[in-house]
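Chains as they are written, first to last, in this note's numbering: chain A, 1 to 268; chain B, 269 to 523; chain C, 524 to 803.
To start, the structure itself, in structure tokens.
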Amino acid sequence: MTRGSTLYVEDLCMSFGQGPQEHRVLDGLTLSVRPGESVCLVGPSGAGKTTLLRCLAGLTRPTSGGVRYGEQALTEPHTDIAVVSQDYRGSLLPWLRVWDNVAFPLQGRGVKKAVRKRRALECLEAVGLSDVGDKYPWQLSGGMQQRVAIARGLAYDAPVLLMDEPFGSVDAQSRFDLEDLTLQLRRQLGITVVVVTHDIDEAVYLGDRVIVLGGKPTVVLDNLTIPLGTDRDQLTTRADPRFAELRTRVLALIRGERVPAGPEAAHR
Amino acid sequence: MAKVRLLQLGAVVAVLLLWALIAAVGVVSSTALPGPGAVAGALGDLLGSGTFWQAVGETLRGAVTGLLVAIAVGIPVGLLTGVYAAAEESSRLLMEVLRSFPVIALLPVFLLVLGSTPGMKATVVFIACVFPVLLQAQYGARSVSQAVLETVHGYRIPRLLRLRRVVLPAAVPSIMTGLRLAATTSVLVSIGVEVLTTLPGIGHMIMDSQQGGASARAYAYILTAGAIGYTITLLAQFAEHRLLRWRPPAQAGKE
Amino acid sequence: MPWKPVLRQLWLPVLVFLVLLVSTAGSTSFYFPPLTEVLGDLWNELLHGGLFGDLLFSLRNILLGLALATVVGVAAGLVIGEIRTLRLATGPLLDFVRATPTVGFVPVIILTLGIGSGPKVFLIFLGSVWPILLNTVSGVQAIGPAVHETARGYRIPWALRMRRVILPGALPQILAGIRVALSIAVVLMVVSEIYGSPVGLGNFILQSGSSFHVAETWAGTILIGILGYGLSVLLLLVEHRLLGWYHERAPRVRSPRPVRAETAESTDSTGSIKSNGVVV
């Protein structure tokens with residue numbers, strides 16, 4: 001039941017500033033994400049991960065190279081792509097009630113209010129928030145606000161969900177819950193998920209593939225397939241020796257150390 | 269709460285007593301500062317007279333007309349110039365100069381051009397009120413956070429919807445500040461124009477009473493003006509409270 | 524490089540000026556004389572007429588009244604802000620006084636105290652003291668409780684605490700209050716001089732207006748505008764000197780700085796006293 005098209009990033013470069021002050025952040029990144037895949041982009045802070053994600057969302061144009069969605073060049077936001085940003089506090093509109101926040105993108109498509117509201121409540125239920133629709137965002141905890149932001153992405157009914165450090169500012173317990181929620185939604189809905197994170201464990205836990213970014217300027221260091229299956233849970237998956245080996249491998253890559261390639265971590 | 273009310277009542281009584289004392293001792297002449305008793309008596313008489321209510325009506329008419337036009341012009345122009353950075357930047361200096369202009373100084377010119385008419389009064393009120401409203405709306409429109417703008421862009425929200433459900437609500441707190449200011453200003457300017465011209469209204473009655481030696485009545489009119497201003501402040505606070513229910517309650521709001 | 528933003532801000536004012544210049548050139552309208560004539564009159568009156576004396580008279584009254592209002596307003600505001608009981612008790616009273624339009628007092632004061640300089644200074648003081656006082660109160664309140672507690676914890680003596688903790692902490696709000704007070708002061712200057720005065724800018728525009736010297740009336744009006752703007756720019760410069768720390772903390776995000784928004788923001792967070800003055 002996978003939908004949508006493949007996302008292609010082709011020789012993408014991004015620089016800030018001009019002339020002698022030009023500062024290159026991303027240097028010739030090439031990668032792709034197939035429909036239904038869960039891909040984590042991991043790298044140290046300052047590596048330009050957010051910039052890359054914004055390019056994927058069509059919110060910024062790269063200096064050179066490009067992003068394609070199927071056959072279309074992505075130069076502005078696409079109806080097939082929803083973004084859940086890092087700053088959930090800032091990205092929810094404080095003057096709209098929770099359900100209205102979730103439904104707001106649908107209003108932009110001209111969906112009628114009753115239909116919008118029903119859909120919003122469904123999506124809130126899907127993220128485990130069934131009775132907060134009539135509250136205002138500030139009345140919810142950080143983890144709940146982030147769930148609302150995810151519900152908004154779901155309500156938009158986009159095959160591709162981009163998430164930028166989605167669980168960076170919630171407490172540890174909520175974080176585990178939200179990671180599991182993401183995996184579960186992906187299994188149920190067959191959506192493509194791209195998660196940007198600096199947390200290596202999270203990347204390995206969530207991804208079918210982990211793309212490791214690093215260097216100055218940033219390049220793709222490695223592209224690892226994570227052979228942990230689709231049914232994962234916080235206790236057994238994280239206790240799996242392959243999990244430990246994969247995370248060590250990613251960490252070593254980011255730190256620029258050499259480790260012998262393990263047999264499980266097959267190169268793509 | 270009751271204790272605070274008692275304190276506040278005490279403060280009012282203390283001020284009234286001080287006032288009575290100053291008036292009784294005769295430090296200042298009774299034409300400059302009549303006692304509170306005389307003023308209260310004059311106010312009592314006024315409340316039953318038609319002239320008084322007519323004057324209040326005239327002042328409010330000028331104030332409200334000018335204010336409404338200022339709102340109708342100021343909010344849309346402010347929001348639009350706030351949304352487009354280039355418009356804000358281009359108009360910034362002009363706005364700065366115009367805003368700091370004491371509008372009442374236009375009175376002699378307006379008396380020449382428009383004559384001493386209620387329309388002239390409303391025009392002066394309009395000019396005085398449009399800038400606070402416009403600038404606050406502009407400021408409010410610019411206060412939409414980067415995160416919200418990005419989200420709205422990412423979800424492809426169309427322009428009109430964005431203006432109505434994102435920019436406008438984000439600007440409401442700031443616009444309310446502008447409205448509160450403009451509302452108080454409108455009464456003030458209305459009265460100011462009446463003091464300086466022959467146009468009817470509270471300002472004219474103050475002048476009339478004082479010139480006729482009835483300074484207690486003049487003070488009664490001034491108090492009336494204060495009451496109007498205070499009522500506007502309270503109304504504005506109430507409206508603000510209603511409109512801004514989506515905001516988290518202020519921590520220190522319980523006093 | 525730094526020319527671009529200047530140009531972006533300047534083109535519209537310059538355009539407006541040029542349009543006025545061109546559209547009134549050769550104007551035979553009685554009410555809208557050519558701008559060149561107005562500016563010429565302004566220049567002549569300043570140099571050879573009595574306008575310069577008028578300007579000095581008005582300026583002196585404004586500065587005296589404002590200085591008095593600042594001293595009294597800040598002192599009273601610090602005391603009221605520091606003493607909780609006093610603050611609670613005077614809240615509604617101060618709100619009422621602030622909402623009372625001072626222009627109403629113009630006939631009373633001038634008719635009883637005369638048309639000299641003293642009553643005008645008093646009127647300007649009376650109008651501008653309230654925004655300064657109220658802003659000082661909310662400025663004191665806006666200082667975080669942690670700062671208060673630290674000062675108390677280190678047993679900082681009262682006078683030193685006032686001078687080095689409370690006053691600087693409240694300074695941003697106090698200056699915002701003075702800015703509001705300044706515009707009120709200019710208005711009261713104009714009104715009191717139009718109402719009754721042998722000299723001053725207000726008197727100048729009234730006299731030239733009622734004797735139908737339209738160009739001179741416009742010239743005086745423009746001069747009042749320049750005075751108002753000049754004083755506000757001056758205040759802004761003072762503010763930047765005094766508040767270096769404050770602006771460094773919150774960099775130039777607020778460049779358009781609607782005067783009252785800042786005030787409003789900081790009062791909204793403290794909730795109790797709204798410190799928006801009235802600007803005409």
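Ideal Cβ placement from N, Cα and C applies to all residues, glycine included.
### Query
Are the Cβ atoms of C55(A) and P44(A) separated by less than 8 Å?
no
### Message
Cutting at 8 Å between CB atoms, please list the residues of its own chain near L511(B), excluding the five before and the five after it.
### Response
V440 and M444
### Task
Give a yes or no on whether the minimum CB-CB distance between S706(C) and chain B is below 8 Å.
yes
### Task
Select from L26(A), E22(A), L106(A) and L93(A) the residue whose C-alpha is nearest the C-alpha of L281(A).
Outside the modelled stretch of chain A, which goes from 1 to 268, sits residue 281(A), for which no answer is possible.
### Task
Under 9 Å between beta-carbons, which chain A residues line up against G383(B)? List them in chain order, please.
Here the premise fails: no neighbours, minimum Cβ distance about 46 Å.
### Message
Among L431(B), A438(B) and F506(B), whose alpha-carbon lies nearest the alpha-carbon of G408(B)?
### Response
A438(B)
### Query
D164(A) to G17(A), Cα distance in whole Å?
24 Å
### Query
Since P386(B) and L464(B) are thought to touch, with beta carbons under 8 Å apart, how far apart are those beta carbons, to the nearest angstrom?
Their Cβ separation, rounded to whole angstroms, is 15 Å, which puts P386(B) and L464(B) out of contact at 8 Å.
### Task
Compare the C-beta of P779(C) against all C-beta atoms of chain B and say whether one is closer than 8 Å.
Bear in mind that the predicted position of P779(C) carries a pLDDT of just 36, short of 50, making it unreliable; the figure below should be weighed with that in mind. Yes - at least one Cβ of chain B is within 8 Å of the one on P779(C).
### Message
Tell me the DSSP secondary structure of I290(B) in three-state form.
### Response
helix
### Query
Terminal residues of the continuous alpha helix (DSSP H) containing G305(B)?
P304 to L315
#### Entry: Cβ neighbours of V620(C) in the same chain (closer than 8 Å, five flanking residues each side left out)
W653
### Query
In its own chain, which residues sit with a C-beta less than 6 Å from the C-beta of R147(A), not counting the 5 before and 5 after it?
V127 and L129
### Query
Do the CB positions of G596(C) and T659(C) come within less than 8 Å of each other?
yes
### Query
Using a Cβ cut-off of 8 Å, which residues of the region 415–436 of chain B contact any Cβ in chain A, in chain order?
A415, V416, E418, T419, H421, G422, Y423, R424, I425, P426, L429, R433 and V434
### Query
Mind checking whether the beta-carbon of V272(B) lies closer than 7 Å to any heavy atom of the ligand MG?
The ligand MG is absent from the structure shown, which contains no ligands of any kind.
### Message
Counting only beta-carbon separations shorter than 8 Å, does A114(A) have a partner in chain B?
### Response
no
#### Entry: Segment contact flag, the region 357–366 of chain B with the region 540–555 of chain C, C-beta cutoff 8 Å, min 3 pairs
no
#### Entry: Minimum Cβ-Cβ distance from V440(B) to chain C less than 8 Å
no
### Task
Please list the residues of the region 351–363 of chain B that have a C-beta atom closer than 7 Å to any C-beta atom in chain C, keeping them in chain order.
E356, E357, S358, S359, R360, L361 and L362
### Message
Within 8 Å of any Cβ in chain B, is that where the Cβ of L634(C) sits?
### Response
yes
#### Entry: Beta-carbon proximity of V393(B) to L335(B), cut-off 8 Å
yes
### chain B within 8 Å of R775(C), Cβ atoms only
Since pLDDT at R775(C) reaches only 37, below the 50 mark, its modelled position is unreliable, and no value is offered.
### Query
Does any residue of chain B bring its CB to less than 8 Å from the CB of G748(C)?
yes
### Message
Taking 6 Å as the limit between beta carbons, can you name the residues of its chain near G600(C), skipping five residues before and five after?
### Response
L656, T659 and V660
### Task
Ignore the nearest five residues each way along the sequence and tell me which others in E10(A)'s own chain have a CB closer than 8 Å to its CB.
T30, G65, G66, V67 and R68
#### Entry: Cβ-based contacts, 9 Å cut-off: residues of the region 470–481 of chain B near chain C
I470, G471, I474, M475, D476, S477, Q478 and Q479
### Task
List in chain order: all unbroken alpha helix (DSSP H) runs of 4+ residues lying wholly within the region 435–471 of chain B.
436–464
### Task
Kindly list, in the order they appear in chain C, the residues whose Cβ is closer than 7 Å to that of L379(B).
G732
### Query
What span of residues does the beta strand (DSSP E) with I425(B) cover, start to end?
Note, I425(B): premise wrong, no beta strand (DSSP E); not H, not E.
#### Entry: Length-filtered (3 minimum) beta strand (DSSP E) runs lying within the region 73–148 of chain A
81–84
### Message
Below 8 Å on the Cβ atoms is my contact criterion, and I expect S38(A) with R186(A) to pass it. Report the Cβ-Cβ distance as a whole number of Å.
### Response
6 Å
### Query
Got a sec? Which residues, its chain only, sit under 6 Å from I395(B) by beta carbon, not counting five neighbours each side?
V371
### Message
Tell me the DSSP secondary structure of F553(C) in three-state form.
### Response
coil
### Message
Can you tell me which residues form a DSSP beta bridge with D222(A)?
### Response
V212(A)
### Task
Please work out which residues of its chain come closer than 7 Å, Cβ to Cβ, to L649(C), disregarding the five sequence neighbours upstream and downstream, and give them in chain order.
T625 and F628
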